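These notes concern the structure reproduced below.
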Amino acid sequence: MNLDDIRNILLLQAIEENDEAEHFLPAAEKREAATASGAPLAKNVSRAEEDAFLAKRAAWLLRRVRSRFPDTTAWIEERPAGPPFGTISLVLCLAAVVVGFLTNELGPEKRINILSFPLLGILFWSALIYLREIHLFFRRRRPPGAPDWLEWLGERARTSEETAAAPEPTPLEAARLLFAKRWRRLTSPLPAARLKSILHCAAFLLAASAIGGMYVKGLANEYRAVWESTFFTEASQLRPFLEIVLGPAATLSGATLPSDAELTAMRWPAEGENAARWIHWYALTIGLFVLLPRAFLALAWRVRASRLARTLPFREISPPYFERVLSTSTGAALALRIVPYACEPDEEIRRALVRRLEAHFGRSVALHFAPVIPFGEEEEATLPTGSGDEEGAEILPLFHFAATPEAETHLAVYETLTSLAPNPLRFLLLDATSFDRRSAGFSDAETRRAEREAAWERLFAAKEVTFLLFTATPASTSS
Numbered sequence: 003m004n005l006d007d008i009r010n011i012l013l014l015q016a017i018e019e020n021d022e023a024e025h026f027l028p029a030a031e032k033r034e035a036a037t038a039s040g041a042p043l044a045k046n047v048s049r050a051e052e053d054a055f056l057a058k059r060a061a062w063l064l065r066r067v068r069s070r071f072p073d074t075t076a077w078i079e080e081r082p083a084g085p086p087f088g089t090i091s092l093v094l095c096l097a098a099v100v101v102g103f104l105t106n107e108l109g110p111e112k113r114i115n116i117l118s119f120p121l122l123g124i125l126f127w128s129a130l131i132y133l134r135e136i137h138l139f140f141r142r143r144r145p146p147g148a149p150d151w152l153e154w155l156g157e158r159a160r161t162s163e164e165t166a167a168a169p170e171p172t173p174l175e176a177a178r179l180l181f182a183k184r185w186r187r188l189t190s191p192l193p194a195a196r197l198k199s200i201l202h203c204a205a206f207l208l209a210a211s212a213i214g215g216m217y218v219k220g221l222a223n224e225y226r227a228v229w230e231s232t233f234f235t236e237a238s239q240l241r242p243f244l245e246i247v248l249g250p251a252a253t254l255s256g257a258t259l260p261s262d263a264e265l266t267a268m269r270w271p272a273e274g275e276n277a278a279r280w281i282h283w284y285a286l287t288i289g290l291f292v293l294l295p296r297a298f299l300a301l302a303w304r305v306r307a308s309r310l311a312r313t314l315p316f317r318e319i320s321p322p323y324f325e326r327v328l329s330t331s332t333g334a335a336l337a338l339r340i341v342p343y344a345c346e347p348d349e350e351i352r353r354a355l356v357r358r359l360e361a362h363f364g365r366s367v368a369l370h371f372a373p374v375i376p377f378g379e380e381e382e383a384t385l386p387t388g389s390g391d392e393e394g395a396e397i398l399p400l401f402h403f404a405a406t407p408e409a410e411t412h413l414a415v416y417e418t419l420t421s422l423a424p425n426p427l428r429f430l431l432l433d434a435t436s437f438d439r440r441s442a443g444f445s446d447a448e449t450r451r452a453e454r455e456a457a458w459e460r461l462f463a464a465k466e467v468t469f470l471l472f473t474a475t476p477a478s479t480s481s
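According to the numbering used here, the residues represented by the sequence shown are 3 to 481, in order.
The structure is reproduced here in structure tokens:
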């Protein structure tokens, strides 16, 4: 799974979520795309195989919508412009080399205060950075969608673009804006990881250049090592500090740190001693505690950026969408058989029904619609033999909520289906779309609805059934 695959999947997701009317991608094309991408999938399919299916399906459907609406879908081909990491890396690394070399411009007196060495500051700064890296390593992963400082800067840069967007965008424009927002938030860790890698490289070069500068200048000049301090007033106080900072380097070089007497002889304004061994010790110390860790961190963040690009948690963005797509392609969706009575549900009603049933059952559903039972054939109704999941699916009668509930019709249909079903009927579907639309302008709309609900409940009072009411709303143009 690469960035282009993930991008295509999120592009298609944004379009589908803003195309409830299926104007841009009809249901037939979605089924064709699923089949062309490998559906039906095995029920024990791996996550990698699921991702591959999603990527193929997205590429297939995006080609269709792109060819059908070329003028309004040009943005699908656009690639978001990222930070100019090449320029950033070049500028930071060159600056680090120059600054590192110039930190050792020690002046005409040619003295080095071993406590104010620029490298001592580099050591302490690096220690703080390592503590922060450890904290970030053990911190819980930031969920997708939670902004960080890098994303905040990006949001500020794009404010004018989103402000200029239409207040009520078209479905495709709404899809573009939704995708752009989700893509920025999902991929925000990527530039952050690459930037951290560059910063660690720059810190590596800064320290290496500072060490190199000392040796270059030491070839033509003799520097003397001295010390003075406000807080260390005696050599006996200074030596434990030097043991911590330079002790490992001195041990590696096979030498020992100066004694208290030798340190006392180095205290300013004394002439001090030749600074060669101090430069060697600091160079070793920087190599151990700055160069090696910085090189490791630069590589680690670069590897992390590459891994993030392949493992972005895109499925955590609107999980129900992916569950629905995969469930209907693996057979894991709950199979339900809908039997309409005296009504033929259109696509709008069917989409509303899917939403209602998924909300009720808490999982994806696969609906199989039986032929409509005509008015007057309540007791002669039959269920044609289905295949696969349809044959064993739970049966749910679908009635018009606006119709007056009657024993001779609705109850008769229920009794007939009960006799045909292998299991008792537990649910009755009531389509309240037309009822709600007709009564929307009345002041007593809620009272009328409550009275009609009570009438349905009285008719089925002796039956152990649950009513599932739903209303189809006009297709939304936004997410």
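The C-beta atom is built at its ideal place from N, Cα and C for all residues, glycine as well. On a predicted model such as this, the values are computed, not experimentally measured, just so you know.
Uninterrupted beta strand (DSSP E) stretches inside the stretch 226–314 (no shorter than 3 residues) = 226–228
Straight-line Cα distance separating Ile8 from Asp438 | Taking the Cα positions, Asp438 is about 41 Å away from Ile8.
Kindly give me the distance between the Cβ atoms of Ser308 and Ser366, rounded to whole angstroms, as I take these residues to be in contact under 8 Å.
-> 33 Å between Cβ atoms; not a contact.
Own chain partners of Val356 with C-beta closer than 7 Å, once the 5 adjacent residues on each side are dropped = Val367, Leu369
Same chain only: Cβ atoms within 7 Å of Ala285, ignoring 5 sequence neighbours per side = Ile213
Does the Cβ of Tyr416 have 16 or more other Cβ atoms within 10 Å, making it buried, or fewer, making it exposed?
-> By the beta-carbon neighbour count (other beta carbons within 10 angstroms, threshold 16), Tyr416 is buried.
Closer than 6 Å by C-beta to Leu56: which residues in its own chain qualify, once you throw out the five before and the five after it? Chain order, please.
-> Ile11
From which residue to which residue does the alpha helix (DSSP H) around Ala60 run?
-> 49–70
How about Leu359 and Phe401: do their beta carbons lie closer than 8 Å?
-> No; because the gap between Cβ atoms is not below 8 Å, this pair is not in contact.
From this set, Phe71, Leu419, Leu133, which residue's C-alpha is nearest Ala372's C-alpha?
-> Leu419
Closest residue to Leu430 among Met268, Asp262, Phe469 (Cα-Cα distance) | Phe469
Can you give the Cα-Cα distance for Ala251 and Arg296, rounded to whole angstroms?
-> So the alpha carbons of these two residues sit roughly 18 Å apart.
What are the start and end residues of each continuous alpha helix (DSSP H) run of 4 or more residues lying completely inside the stretch 382–453, in chain order?
-> 391–394, 414–422, 435–441
Can you say whether Phe140 is buried or exposed, counting buried as having 16 or more other CB atoms within 10 angstroms of its CB?
-> exposed
State the Cα-Cα distance for the pair Pro386 and Ala423, rounded to the nearest angstrom.
-> 12 Å
Could you name the residues of the same chain whose beta carbon sits closer than 6 Å to that of Ser91, not counting the 5 residues immediately before and after it, in chain order?
-> Ile200
Can you give the Cα-Cα distance for Thr332 and Asn46, rounded to whole angstroms?
-> 9 Å
Segment limits, beta strand (DSSP E) that includes Thr1 = Because the chain is modelled from 3 through 481, residue 1 falls outside the range shown and cannot be assessed.
Take Leu413 as the anchor and find which of Thr89, Ala267, Glu466 has the nearest alpha-carbon.
-> Glu466
Cα separation between Trp283 and Val101?
-> 21 Å
CA-to-CA distance, Cys345 to Leu174, given in whole angstroms | 32 Å
Any idea which residues DSSP pairs Phe469 with across the strands?
-> Leu430
Cβ pair count under 8 Å reaching 3, the stretch 20–37 against the stretch 79–87 | no
The alpha helix (DSSP H) spanning Pro173 covers which residue range?
-> 173–189
Beta bridge counterpart(s) of Ile340 as assigned by DSSP | Checking the DSSP bridge columns, you'll see Ile340 partnered with Phe371, Leu398.
State the DSSP-derived secondary structure class of Asn10, mapped to helix, strand or coil.
-> The answer is helix: DSSP assigns Asn10 an H, G or I state.
By the 10 Å Cβ neighbour count, where 16 or more other Cβ atoms means buried, how is Arg196 classified, buried or exposed?
-> buried
C-alpha gap between Val228 and Cys95, whole angstroms | 32 Å
Spatial neighbours of Asn223 within its chain, please: CB distance less than 7 Å, with the 5 preceding and 5 following residues excluded, ordered by chain position.
-> Lys112
Nearest-angstrom Cα distance between Leu130 and Arg304?
-> 21 Å
Count the other C-beta atoms from every protein chain shown that fall within 10 angstroms of the C-beta of Gly109, then say buried if there are 16 or more, exposed otherwise.
-> Caution applies to Gly109, whose pLDDT of 49 falls short of 50 and renders its modelled position unreliable; the model cannot decide the point.
What is the rounded straight-line gap between the Cα of Pro342 and the Cα of Ile397?
-> 11 Å
Exposed or buried, what is Thr189 when buried is set at 16 or more other beta-carbons lying within 10 Å of its beta-carbon?
-> buried
From Ser118 to Gly289, what does the alpha carbon distance come to, in whole angstroms?
-> 18 Å
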